[in-house]
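J.: Note that my numbering gives residue 292 to position 292 of the sequence shown, counting from 1, and the numbers run on in steps of one.
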Amino acid sequence: MSDREEGKAFDRSPDGAGRWVEPGTLYVVATPIGNLADISERAASVLRGVDLIACEDTRHARVLLDHLGVRKELVAVHEHNERAASASLVERLGQGASAALISDAGTPGISDPGQLLVSALTGEGIAVSPIPGPSAVIAALSASGLPARPFWFEGFLPAQDKARRDRLAALAAVEATLVFYEAPHRIAKSLAACAEQLGDGRRAVVARELTKRFEQFAHGSLASVLADLQAGEIPARGEFVVMVGPPVAAVGTDTAEADALIDALVAEGVAPKSIARVVSRTTRLSRNEVYAEVLARRGAK
């Protein structure tokens, strides 16, 4: 059986350059989402072995490539030039060149450029091969504790307020965990829109700075994670993955549990805001609903 059939290296050169690489093929290479140590041996070998590397941002790509000691021709492929760049790459690969496609972080084509290029190449019968690895959506979801079967990956929500609200309203009834990417300068508006359109009692997890030194996961209701962001407990820095649990048909199943917990905390003299925070995090009731109920019970005494 040939090396290719066994999935082994085609080229056994000492430095690994050329392993797993064939002419006339584009390799879609997943790269680290923060920690450079997450690059796989196969991904590094492919980057060393191809003739050229298509990347979202040449300056950003050089950080990873310098780390690996890779010196290759870089071709920019981003949202503003992908169609034109794809035509050029189709010609070059059609003539036998090998290439790798990388994005700034994670897996190309997943909320990053790459889909048009892959579509153009496959349309011409040119081979495209994935080199799997890091993906922020999968990394975040795997550590969230939220249901992953099914999940709905939306990517980035629209930047405009009305378009964002409209899109969230359309997703409100989707019976799956919703996963969004968000930038730091929009995270507060996006969480507020999620709470408004999806229900502030929906269970949520916000992941920040995945695989980096200040990695953080914040759990709670949409209302509570928004409050934590506004209070600075979740810094508005770095890249975010927002995950919202599936809709609940009714909150009535939590009523008895919430009533008992509220009664116990009120009896202990816990402040209404603290009660609202604790109960909203342990049931499907929103912080505002719990706070109003606590005040109503105190007023009735």
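Ideal Cβ placement from N, Cα and C applies to all residues, glycine included.
If you're wondering where the values come from, they're calculated on a predicted model, not measured in any experiment.
For a test of the three-state rule: what should DSSP assign to E82, helix, strand or coil?
T.: Here the question's residue 82 lines up with position 82 in the sequence shown. If DSSP states are grouped into helix, strand and coil, E82 belongs with the helices.
J.: Quick test of your reading: M243 and L157, contact by CB under 8 Å. State the CB separation rounded to the nearest angstrom.
T.: Here residue 243 corresponds to residue number 243 of the sequence shown, with the count starting at 1. Here residue 157 corresponds to residue number 157 of the sequence shown, with the count starting at 1. The Cβ separation is near 13 Å, so there is no contact.
J.: Note down, one range per segment and in chain order, each beta strand (DSSP E) of at least 3 residues found wholly within the segment 219–249.
T.: Here the runs fully enclosed are 240–244.
J.: Hey, F153 and A207: beta-carbon distance below 8 Å or not?
T.: Residue numbering aside, residue 153 sits at position 153 when the sequence shown is read from its first letter. Residue numbering aside, residue 207 sits at position 207 when the sequence shown is read from its first letter. No; because the gap between Cβ atoms is not below 8 Å, this pair is not in contact.
J.: Let me know the secondary structure DSSP gives I33 once reduced to three states.
T.: Taking the first residue of the sequence shown as position 1, residue 33 is located at position 33. I33 falls in the coil class under three-state DSSP.
J.: If you measure between the beta carbons of A204 and G220, is that distance less than 8 Å?
T.: As a working note, residue 204 is residue 204 in the sequence shown. As a working note, residue 220 is residue 220 in the sequence shown. It is a contact, given that the beta carbons lie within the stated cut-off.
J.: Less than 7 Å between C-beta atoms, sequence neighbours within five positions excluded: which residues of the same chain meet that for L257?
T.: The count along the sequence shown starts at 1 and reaches residue 257 at position 257. The sequence given here places Glu at residue 257; Leu does not occur at that position. Only T283 meet the Cβ criterion.
J.: Measuring alpha carbon to alpha carbon, tell me which residue in L222, G34 and G24 is nearest G238.
T.: Within the sequence shown, the letter at position 238 stands for residue 238. It is G34 whose Cα lies nearest to the Cα of G238.
J.: The beta strand (DSSP E) that contains T282, what's its start and end?
T.: Looking up residue 282 in the sequence shown gives position 282. That residue, T282, is in no beta strand (DSSP E); its alpha helix (DSSP H) goes P272 to T282.
J.: Report the three-state DSSP secondary structure of T253 (helix, strand or coil).
T.: One-based indexing of the sequence shown puts residue 253 at position 253. Legend: pLDDT at T253 = 46, less than 50; position of this residue unreliable, value from coordinates given subsequently. Note: T253 maps to helix in three-state DSSP.
J.: Rounded to whole angstroms, what's the CA-CA distance from P272 to N288? Just pull it up for me.
T.: If you number the sequence shown from 1, residue 272 lands on position 272. If you number the sequence shown from 1, residue 288 lands on position 288. When rounded, the distance between both Cα atoms is 11 Å.
J.: Does the beta-carbon of G125 have 16 or more other beta-carbons within 10 angstroms, so that it is buried, or is it exposed?
T.: Numbered from its first residue, the sequence shown carries residue 125 at position 125. By the 10 Å Cβ count, G125 comes out exposed.
J.: If you pair each beta-carbon of the segment 157–167 with each one of the segment 53–65, do three or more pairs fall below 8 Å?
T.: Taking 8 Å as the limit for Cβ pairs, the verdict is that the segment 53–65 does not touch the segment 157–167.
J.: What is the DSSP secondary structure of R213, counted as helix, strand or coil?
T.: Position 213 of the sequence shown, counted from the first residue, corresponds to residue 213. Coil.
J.: Using a 10 Å radius around the Cβ and a threshold of 16 neighbouring Cβ atoms, would you call A250 buried or exposed?
T.: Residue 250 sits at position 250 when you count from the first residue of the sequence shown. With a pLDDT of 37 at A250, under the threshold of 50, the modelled position of this residue cannot be trusted; read the value that follows with caution. The residue in question, A250, is exposed, as its Cβ has fewer than 16 Cβ neighbours within 10 Å.
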